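Enquirer: Position 200 of the sequence shown, counting from 1, maps to 257 under the numbering used here, and the rest follow consecutively.
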Amino acid sequence: MSKRPSFQFYPPDWRRDADLRLCSMAARGLWIDMLCLMHEGEPYGHLTAHGRPMKPEQLAKLVGEPAASVKRWLAELADHEVFSVTEDGLVFSRRMVRDEQVREARALGGHAGAAHGAKGAEHGAKGGRPKKVEGGADTETRGDNKPPLEPPPSSSSPSSQGSEDESSGVDDAEPGFDPDKATWEMGVKLLRSQGRASESAARGFIGKLLKDRPGLVAKDLLPAVTGALANKTGDPQAYLTRAADGIAKRRGEHVEPKRVGFV
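#1: Counting only runs of 4+ residues fully inside the region 88 to 135, write out the alpha helix (DSSP H) ranges in chain order.
#2: Would you kindly work out how many angstroms separate the C-alpha atoms of residue 299 and residue 72, rounded to a whole number?
#3: DSSP on residue 148, reduced to helix/strand/coil?
#4: Do the region 62 to 79 and the region 110 to 121 make contact, defined as three or more Cβ pairs closer than 8 Å?
#5: Kindly identify the DSSP beta-bridge partner or partners of residue 142.
#6: Could you work out which residue in 112, 266 and 257 is closest to residue 305 when comparing CA atoms only?
#7: My assumption, with CB atoms under 8 Å, is that residue 281 sits in contact with residue 237. Please give the rounded CB distance.
#8: Can you tell which of 127, 111 and 104 has its C-alpha closest to the C-alpha of residue 153?
#9: Consult DSSP for residue 64 and reduce its assignment to one of helix, strand or coil.
#10: Measure the C-alpha to C-alpha separation of residue 135 and residue 101 and round it to an integer number of angstroms.
#11: Between the C-alpha atoms of residue 147 and residue 114, what's the straight-line distance to the nearest angstrom?
#12: Kindly indicate which residue of 88, 109 and 93 has the alpha-carbon position closest to the one of residue 128.
#13: As a quick exercise: from 84, 99 and 255, pick the residue whose alpha carbon is nearest that of residue 139.
#14: Since residue 279 contacts residue 239 with CB under 8 Å, what's their CB separation in whole angstroms?
#15: Restricting to Cα atoms, I'd like to know which of 286, 277, 291 and 284 is closest to residue 302.
#16: Please classify residue 251: does DSSP put it in a helix, a strand, or coil?
#17: Helix, strand or coil for residue 262, going by three-state DSSP, please let me know.
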């Protein structure tokens with residue numbers, strides 16, 4: 058269960074979501090109750106009961122409505138693709154899962170930033186700018202004592218230019234969040250922890266997954282990566298391959314009839 062007392066809710070997004078607007082008032086009312094339940098779900102953003110997919114009958118009891126009505130409203134929400142479903146049958150909110158991904162990515166970045174901040178502090182109060190000598194002219198040459206530059210981490214991520222994400226809502230992410238970069242970082246983490254791959258093999262797998270499906274960009278796989286991490290899938294290769302094939306199929310793109318493996 059989430060320890061956070063609240064989650065982000067944007068009224069303008071709610072009002073202008075075309076798919077949601079096509080649903081009845083009753084279905085929209087059920088969805089907001091589902092969001093509240095998914096905030097308390099485990100994994101976060103998923104509709105679960107004791108860690109398992111919540112059944113319509115269980116949901117009906119929680120919202121106080123007949124099971125038949127709840128099933129009808131769920132079908133309505135599903136028809137308009139308001140929610141998504143994992144390979145294991147878990148209903149989840151794409152927005153809530155993505156927001157959780159943002160928090161995780163920022164947490165990782167915070168630790169890295171603290172480490173680099175410590176390096177900069179050794180060379181000046183402003184992280185590289187030498188301290189000004191008190192009581193006299195600033196005779197030091199700016200930049201002489203800057204910390205040594207380290208090469209940026211290499212990435213085989215393709216350009217983030219491409220079609221809008223159709224499933225994760227990452228294009229309306231908070232400023233400063235890079236969905237492509239987050240997908241690569243968490244994808245490598247997934248393949249290393251659950252697939253027991255080396256970092257180079259993990260990056261090679263993701264790169265080939267994208268290369269074999271023209272038009273697919275890293276951020277398209279963000280929901281699948283997040284879901285696989287949360288659900289601890291036993292075969293992340295197959296999980297991500299199915300997700301990539303599904304996206305390509307929905308877009309009408311050609312998919313080679315072969316399974317992508319580690320290289």
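Here a beta-carbon is modelled for each residue, glycine too, at the ideal position from N, C-alpha and C.
If you're wondering where the values come from, they're calculated on a predicted model, not measured in any experiment.
Expert: On the basis of the data shown:
#1: 113 to 120
#2: 33 Å
#3: strand
#4: no
#5: 148
#6: 266
#7: Contact doesn't hold; Cβ gap of about 14 Å is too wide.
#8: Taking only the C-alpha atoms, the option nearest residue 153 is 104.
#9: coil
#10: Rounded to the nearest angstrom, the gap between the Cα atoms of residue 135 and residue 101 is 20 Å.
#11: 15 Å
#12: 88
#13: 84
#14: 7 Å
#15: 277
#16: coil
#17: helix
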